[in-house]
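Contents: one structure, followed by commentary.
In the working numbering, the protein residues as written are 2 to 256.
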């Protein structure tokens, strides 16, 4: 079996081409696969469709690809920290599907588990289920494309909406520790969407801070099995960014 370990992020993402779909881990700037995203930004791939909890912030994470107009569609649950995202969306340059956060997580997990769709109570009785959410605006501010209504069914007297699973051509994820077989360990809250995105990718590429040989990770400590991982890049410690810095004023001073 050929090695899963690649020499560089650029080598690992080289076949991500125009129109590819990407499931990307991270939450805000926590646990984002920053070096893999930067490698995609240095490639020529464009018209990308992204599935991610959010789209980074201006100039960091997926915000890098946004600023280069390389993303054509985003499925996310939160987008409030990115001004360029808002500008592109409202100008009709970016198609956006907003979905409840738990629903997005389960859509990714279901895709990796081979479950095509599932019913959930989240969003029932709202535009999430009834349709009409603006997916894309026209340049004049009118709605060019709205979300369609979804199937509703009743189980034990309660209404549920049908949500389809997500699979992507590639998944980009970050882990603190991995072995050369692809078994991964995530660091605390940096676990967030990373294992879910990894499951949803047909080709999953992971950047790891520490890379070890098979057998050096206690099997009971593995968060994601190597069967879900196809490519590994050893990137070393991550240069962690703070998404929003909040500090307390020194006593006696006002803001």
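From the three backbone atoms N, C-alpha and C, an ideal C-beta is built for every residue, glycine too.
{"Check": "Name the residue from 113, 87, 141 and 45 whose alpha carbon lies nearest to the alpha carbon of residue 56.", "Outcome": "87"}
{"Check": "Taking residue 168 as the reference, give the member of 92, 116, 209 and 17 with the closest Cα.", "Outcome": "116"}
{"Check": "Helix, strand or coil for residue 37 per DSSP?", "Outcome": "helix"}
{"Check": "If you check the beta carbons only, do residue 178 and residue 155 fall under 9 Å apart?", "Outcome": "no"}
{"Check": "Could you say if the region 218–232 and the region 116–134 meet the contact criterion of at least three C-beta pairs nearer than 8 Å?", "Outcome": "no"}
{"Check": "Got a sec, what are the start and stop residues for the beta strand (DSSP E) residue 227 sits in?", "Outcome": "Taken as a continuous stretch (DSSP letters only), residue 227 belongs to no beta strand (DSSP E), as it is neither H nor E."}
{"Check": "Give the DSSP-derived three-state secondary structure of residue 73 in the structure shown.", "Outcome": "strand"}
{"Check": "If the criterion is Cβ atoms closer than 9 Å, does the pair residue 40 and residue 9 meet it?", "Outcome": "yes"}
{"Check": "Applying the 10 Å Cβ sphere with the 16-neighbour rule, what's the burial state of residue 189?", "Outcome": "exposed"}
{"Check": "Could you tell me whether the Cβ atoms of residue 13 and residue 197 are closer together than 9 Å?", "Outcome": "no"}
{"Check": "Given that a residue counts as buried once 16 or more other Cβ atoms are within 10 Å of its Cβ, and exposed if not, what is residue 72?", "Outcome": "buried"}
{"Check": "With distances taken Cα to Cα, identify the nearest neighbour of residue 238 among 27, 20, 32 and 67.", "Outcome": "32"}
{"Check": "Can you list, in chain order, the residues of its chain with a C-beta nearer than 8 Å to that of residue 147? Leave out the 5 residues immediately preceding and following it.", "Outcome": "132, 133, 134, 135 and 136"}
{"Check": "Can you look up residue 211 in the DSSP assignment and give me helix, strand or coil?", "Outcome": "strand"}
{"Check": "Tell me which residue opens and which closes the alpha helix (DSSP H) that residue 135 is part of.", "Outcome": "Counting along the chain, residue 135 falls outside any alpha helix (DSSP H), though it belongs to the beta strand (DSSP E) covering 135–138."}
{"Check": "I'd like to know whether the C-beta atoms of residue 6 and residue 204 end up nearer to each other than 9 Å.", "Outcome": "no"}
{"Check": "For residue 204, list the residues DSSP reports as bridge partners.", "Outcome": "171"}
{"Check": "Considering just the uninterrupted stretch of the beta strand (DSSP E) at residue 232, what are its terminal residues?", "Outcome": "232–235"}
{"Check": "With a Cβ-Cβ cutoff of 9 Å, do residue 85 and residue 99 count as a contact?", "Outcome": "no"}
{"Check": "To the nearest angstrom, how far is the alpha carbon of residue 93 from that of residue 228?", "Outcome": "39 Å"}
{"Check": "DSSP on residue 65, reduced to helix/strand/coil?", "Outcome": "helix"}
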